[in-house]
Every structure is written in C-alpha cells, then in structure tokens.
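Each step along the sequence shown adds one to the number in full-length UniProt numbering, with nothing skipped, and position 32 is 32. Cβ atoms here follow ideal geometry from the backbone N, Cα and C, with glycine treated the same way.
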Amino acid sequence: MNPTLDKLYLFLLLIPLITIHEFAHALVATLMGDNTPKDEGRLTFNPLVHMDLFGTLIIPAINIFVLPGGFGFFAWGRPVPIDPHRLKNPRIQGILIALAGPLANIITAFLLLVLAKLIIPHDHKLGELFATFVLASIFLSVFHLLPIMPFDGWTVLKNIFRISDQWERQMGLFWFIAIIVFLNLPPVYHFLESSAYHLFIILNQLSGSPLSR
C-alpha cells in the first residue's frame, strides 16, 4: 500500500477503536450501578460523543503524519464520567471499569481475526487491511494498560494503592509532557510494539485466522 494511505488508514482506524473503548467503560459502569455515563449520553457507539479534540485527532495526527516513527497509538477519547458514590465497592468496581476499555479492544481484535478466518482467502490483499485493524486494536489496548497517568493502567494502580485525586492534580501538565516524551523514546516504543505483536500472534493462533503481519 501507499505509505501515505497507510498512515491515513491508521489514523481513521483510531476513531472506531476509541469509540469501542470508551463505550465499554460506559457500559460496565452502568451495569455496576452508576448511571452517570448514560445520563451524560456516553452509552452509545456515536463516535462524536467520545472523541477528544487533542487525544483523538490532533496528537495522533502529529504522531502519525509529522513525527518520523512517532507513537501513533498515543490516543484517547473523552474520559467517561464516573461517580464513585454510586458504586457499592468503588475500588474494585473502579478497577473493573478501567479494564473494560482495553479488554473491549482485545475482544474486538479477536472477533476481527475470527471474521478474517471466515471471509478472507489465504494471502488475499484484504488480509493486510484486517491485520492492520487488528494490530491497531491490540496496540491501543496495550498502550492504555500502561500504569501511567491518565491511562486505564494508572486508574487500576490508583485504586490499588489509594492514590489521591489531589496528587494527580498537582502533577498536572508536567506529568502529561513527561509522558509524551517517554512514549516516544525508541526503547519504550519497541517494548510496546513487541508486546502487541506477541499478543497478535497468540490471538491469531487461537482464532485460526489466515492473517499474518
């Protein structure tokens, strides 16, 4: 494929993947008794309500189209509002709600592999598009499991160790800039890339799909 089209395809793929990710947070929170996401209109697959101007559009575009080797999966949607007071066990349920997004991306990747097995002949060109979609979904999941603020992995860590909201606010912009620099370091990117590819291989084998990457 044309490199520019590859980048455009990757950029556009992030939108439905982030939508699935954020919807999963909203769904699990609602199932656990917190209707805040539903009341705020987040229990939907409409991407417009989940997209964040910087996290879904501007920063991924810079990473994909401008920075050479930039971390294209440094992307996120608008945080789903959660009211801990509506949860019976805020710590445990908060962890489950946080894990719902990455898990939804993994499930999406697996279902795409199963679909590829059913409809794509071996070595067909369509397989490359499916493989990119699958890898994008896995990569986004791995990325959001990083135990650094403000990703889902951080929310899990925060609930386990009871880290205060005040400490988060104090870190603010400094922490955010540090994350951008950290994620674009080659060793960090290669570690995440390797993790995503190994997970791709495992899911590929489990599904019996014809895809390769």
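| Terminal residues of the continuous alpha helix (DSSP H) containing His25? | Here residue 25 corresponds to residue number 25 of the sequence shown, with the count starting at 1. Segment Pro3 to Leu31, the alpha helix (DSSP H) holding His25.
| query | For the region 83-133, which segments carrying the alpha helix (DSSP H) assignment without a break, of at least 4 residues, lie completely within its bounds, in sequence order? | reply | 90-119
| request: Let me know the secondary structure DSSP gives Gly208 once reduced to three states. | output: Locating residue 208 in the sequence shown gives position 208, where the first residue counts as 1. It is coil, neither helix nor strand.
| said: Please report the straight-line C-alpha distance between Ala196 and Met171, rounded to a whole angstrom. | reply: Residue mapping note: residue 196 aligns to position 196 of the sequence shown, counting from 1. Residue mapping note: residue 171 aligns to position 171 of the sequence shown, counting from 1. Spanning the two alpha carbons is a distance of roughly 29 Å.
| message | Per the DSSP calculation, Gly41 is bridged to which residue(s)? | response | Here residue 41 refers to the residue found at position 41 when the sequence shown is read from its first residue. Answer by DSSP bridge pairing: none, since Gly41 is not bridged.
| task | May I ask which residues mark the beginning and end of the alpha helix (DSSP H) holding residue 215? | result | There is simply no residue 215 to check, as the chain begins at 1 and stops at 213 in what is shown.
| Thinking C-beta only, is Ala109 closer than 8 Å to Ala24? | Translated into positions along the sequence shown, residue 24 becomes position 24. Translated into positions along the sequence shown, residue 109 becomes position 109. No, Cβ-Cβ distance for Ala24 and Ala109 is not below 8 Å.
| request: Return the CA-CA distance between Ile202 and Gln166, expressed in angstroms with no decimal places. | output: One-based indexing of the sequence shown puts residue 202 at position 202. One-based indexing of the sequence shown puts residue 166 at position 166. Distance between the alpha carbons of Ile202 and Gln166 is about 40 Å.
| Touching or not, the region 9-16 and the region 81-89, by the rule of three or more beta carbon pairs under 8 Å? | no
| task | Please name the residue or residues paired with Met51 in a DSSP beta bridge. | result | Start at 1 with the first residue of the sequence shown, and residue 51 comes out as number 51. In the DSSP output, where bridge partners are listed per residue, Met51 has Gly77.
| task | For Asn63, count neighbouring C-beta atoms within 10 Å of its own C-beta (all shown protein chains included) and say buried if the count is 16 or more, exposed if not. | result | Stepping through the sequence shown from its first residue, residue 63 is reached at position 63. Buried, since its Cβ has 16 or more Cβ neighbours within 10 Å.
| query | Do you know offhand how far Leu199's Cα is from Pro186's? | reply | Counting from 1 along the sequence shown, the entry for residue 199 is found at position 199. Counting from 1 along the sequence shown, the entry for residue 186 is found at position 186. Roughly 20 Å between the two C-alpha positions.
| query | Quick one, are the C-beta atoms of Asp52 and Gly33 less than 8 Å apart? | reply | Residue mapping note: residue 52 aligns to position 52 of the sequence shown, counting from 1. Residue mapping note: residue 33 aligns to position 33 of the sequence shown, counting from 1. The answer is no: Cβ separation not under 8 Å.
| Between the C-alpha atoms of Ala29 and Pro79, what's the straight-line distance to the nearest angstrom? | The residue you call residue 29 lines up with position 29 of the sequence shown. The residue you call residue 79 lines up with position 79 of the sequence shown. Roughly 12 Å separates the two Cα atoms.
| Less than 8 Å separating the beta-carbons of Gly55 and Ala75? | For the purposes of this step, residue 55 is taken as the residue at position 55 of the sequence shown. For the purposes of this step, residue 75 is taken as the residue at position 75 of the sequence shown. Against a cut-off of 8 Å, the Cβ pair of Ala75 and Gly55 comes out as a contact.
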